[in-house]
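Residue numbers (the numbering used here): 2 to 391. Note that beta-carbon positions come from the ideal geometry of N, C-alpha and C, so glycine has one too. This report refers to the structure that appears directly beneath it.
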Amino acid sequence: MKILIIHNKYKILGGEDIQTLEEVELLRKHGNEVELFHVSNDSIDDDINNVRLAVDTVWSKKYYKELLDKIKREKFEIVHVHNFFPLLSPSIFYAARKAGAKVIMTAHNYRLICPNALMYINNEICSACVGKAIPYPALFKKCYRGSFSATAATVAMLSVHNIIQTWKNKIDGIVCISDFLKKQLVDVGFKNEQLHVKHNFVSSIVEPHFVAGDYYIFVGRTSDQKGLPLLLNTFENSDKKLMIVGDGPLNDLVEEYARRNSNIHYVGKLSLEETYKKIAGAKALILPSQSHEPFGRTIAEAFAHGTPVLGSDLGGISELIQEGVNGFLFDPYKDADLLNTIARFEHTSEPNVMRRNAFDSYQKKFTSDYNYDRIMEIYNHVLSADKSAK
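This is the structure in structure tokens:
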């Protein structure tokens with residue numbers, strides 16, 4: 002199969018970037034002819050013309066023309082878009098369709114229904130714009146990068162393409178990384194037959210050893226959204242050990258707590274292999290997110306190494322954790338619920354069984370082989386569908 006993967010990279014490497022690259026390699030490994038076309042937000046600097054960027058966010062003439070010519074010339078069967086925002090713009094869906102390719106998009110976040118793609122702003126869950134053709138509430142909250150102008154550009158992009166129905170008419174299939182994310186799209190009018198659930202996958206060279214160390218671990222961005230204040234407050238006066246791996250805006254706060262309590266160990270960013278080794282040796286991974294995570298890649302990473310997860314009962318996290326089987330769920334907005342959940346976990350009668358269950362969860366849904374079968378099932382479904390370009 003001849004496939005063009007398209008991705009607008011972020012300035013700071015994140016889960017979407019990693020998953021896109023891994024999917025490209027997976028498809029190539031199985032003999033598909035795959036090309037990656039990507040641009041990077043590194044090209045956006047303080048000197049860029051904000052008016053031009055705002056216009057291009059709605060419709061990029063440059064990438065419409067470039068990709069139309071490329072897809073026509075090289076005759077790709079599938080064009081699979083992972084992220085189009087902000088540089089590529091939704092114009093690339095029109096280019097792909099006009100060139101005769103079938104169009105797939107992976108919804109890694111809530112970009113199609115929320116201007117900041119998070120459904121979270123000002124330290125709280127937010128659905129003010131969900132279901133609105135013109136998501137104007139975002140303007141009052143300046144919810145994209147805290148900037149009115151940047152938010153206005155994003156609102157304009159969504160408004161235009163909601164009104165002309167780009168998402169429904171120019172995309173043959175949308176891959177949702179969780180059932181929760183799919184439900185959000187169905188609730189605002191997306192057709193069920195257009196949506197396909199395919200979880201992210203994890204590949205690792207670190208073997209699970211099913212032996213717990215003496216510490217809990219958090220891996221990810223150090224931010225309010227990820228629930229760092231809740232995590233730090235829970236462990237501040239505890240004799241339990243916590244390791245924090247990651248980087249972000251709350252680094253100084255994490256370091257302050259680590260200075261006050263020697264049981265809190267902040268290691269900063271590590272290589273992927275070193276991170277996986279730390280995960281494999283932890284009692285459990287804690288994901289105290291305060292938002293509706295669309296998936297929670299670190300859960301799959303923990304399961305891949307036989308490590309149970311204690312996670313917030315929100316969004317895609319809820320559907321990955323089986324209570325008492327491969328982890329436990331807690332309410333991140335309820336006082337002491339994380340602390341009580343840690344106690345429940347520590348009093349489980351068969352911790353080694355839970356570690357085996359975690360790895361079993363990985364093998365059932367999050368391996369590269371399972372993922373490949375699922376993505377090809379989606380591709381073949383779209384290719385065989387009798388749809389005329391609109």
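Can you name the residues that DSSP bridges to residue i?
| i | result |
| --- | --- |
| residue 107 | 176 |
| residue 36 | 5 |
| residue 10 | 41 |
| residue 181 | According to DSSP, residue 181 bridges with nothing at all. |
| residue 121 | 126 |
| residue 266 | 244 |
| residue 286 | 218 and 310 |
| residue 197 | 176 |
How would you write the range of the beta strand (DSSP E) that residue i sits in, first residue to last?
| i | result |
| --- | --- |
| residue 1 | Residue 1 lies beyond the stretch modelled for the chain, which goes from 2 to 391, so this question has no answer here. |
| residue 201 | Premise fails: residue 201 is in no beta strand (DSSP E) and is neither H nor E. |
| residue 79 | 79 to 84 |
Compare the beta carbon distance of residue i and residue j with 7 Å and say whether it is the shorter of the two.
| i | j | result |
| --- | --- | --- |
| residue 304 | residue 363 | yes |
| residue 302 | residue 316 | no |
| residue 359 | residue 325 | no |
| residue 287 | residue 236 | no |
| residue 102 | residue 72 | yes |
| residue 205 | residue 137 | no |
| residue 250 | residue 290 | no |
| residue 69 | residue 100 | yes |
| residue 97 | residue 104 | yes |
| residue 109 | residue 17 | yes |
| residue 309 | residue 231 | no |
| residue 202 | residue 369 | yes |
| residue 142 | residue 149 | no |
| residue 342 | residue 221 | no |
| residue 27 | residue 380 | no |
| residue 21 | residue 83 | yes |
| residue 365 | residue 200 | no |
| residue 285 | residue 217 | yes |
| residue 292 | residue 226 | yes |
Under DSSP, the alpha helix (DSSP H) around residue i begins and ends at which residues?
| i | result |
| --- | --- |
| residue 94 | 92 to 99 |
| residue 16 | 16 to 30 |
| residue 377 | 369 to 385 |
| residue 258 | 252 to 261 |
| residue 55 | 51 to 59 |
| residue 89 | First-last for residue 89: undefined, no H or E at that position. |
| residue 234 | 229 to 237 |
| residue 72 | 62 to 75 |
| residue 114 | Premise fails: residue 114 is in no alpha helix (DSSP H) and is neither H nor E. |
| residue 102 | Where residue 102 is concerned, there is no enclosing alpha helix (DSSP H), given that its DSSP letter is neither H nor E. |
| residue 280 | 273 to 281 |
Check whether chain B comes within 7 Å of residue i, counting only Cβ atoms and requiring the distance to be less than that.
| i | result |
| --- | --- |
| residue 201 | In the structure shown, chain B does not exist; there is a single protein chain. |
Any chance the region 83 to 96 sits against the region 50 to 66, with 3 or more Cβ pairs inside 8 Å? yes
What ranges does the alpha helix (DSSP H) occupy inside the region 288 to 349, keeping only unbroken runs of at least 4 residues that lie completely in it? 298 to 305, 318 to 321 and 338 to 347
Taking contact to mean 3 or more Cβ pairs, one atom from each stretch, closer than 8 Å, check whether the region 255 to 267 and the region 233 to 245 are in contact. yes
Taking 8 Å as the threshold, find out whether the region 174 to 183 comes into contact with the region 330 to 340 through three or more Cβ pairs. With contact defined as three or more Cβ pairs closer than 8 Å, the region 174 to 183 and the region 330 to 340 are not in contact.
Inspect the CB distances between the region 180 to 195 and the region 352 to 362 and report whether three or more fall short of 8 Å. At 8 Å Cβ cutoff, the stretches do not touch.
Hey, which unbroken runs of the alpha helix (DSSP H) at 4 residues or more fall wholly within the region 142 to 173? Fully contained in the region 142 to 173 are the following alpha helix (DSSP H) runs of length 4 or more, in chain order: 149 to 164 and 167 to 170.
Contact between the region 339 to 349 and the region 164 to 173 (3+ Cβ pairs under 8 Å): no
Indicate whether the contact test is met: 3 or more Cβ pairs, each with one atom in the region 7 to 20 and one in the region 33 to 45, closer than 8 Å. Yes, they touch.
If we count Cβ pairs, one from each stretch, closer than 8 Å, do we get three or more for the region 205 to 225 versus the region 271 to 291? yes
The region 69 to 80 contacting the region 51 to 58, beta-carbon criterion three pairs below 8 Å: no
Evaluate contact between the region 24 to 32 and the region 117 to 125, counting only Cβ atoms and requiring at least three cross-stretch pairs below 8 Å. The answer is no - the region 117 to 125 does not touch the region 24 to 32, with fewer than three Cβ pairs under 8 Å.
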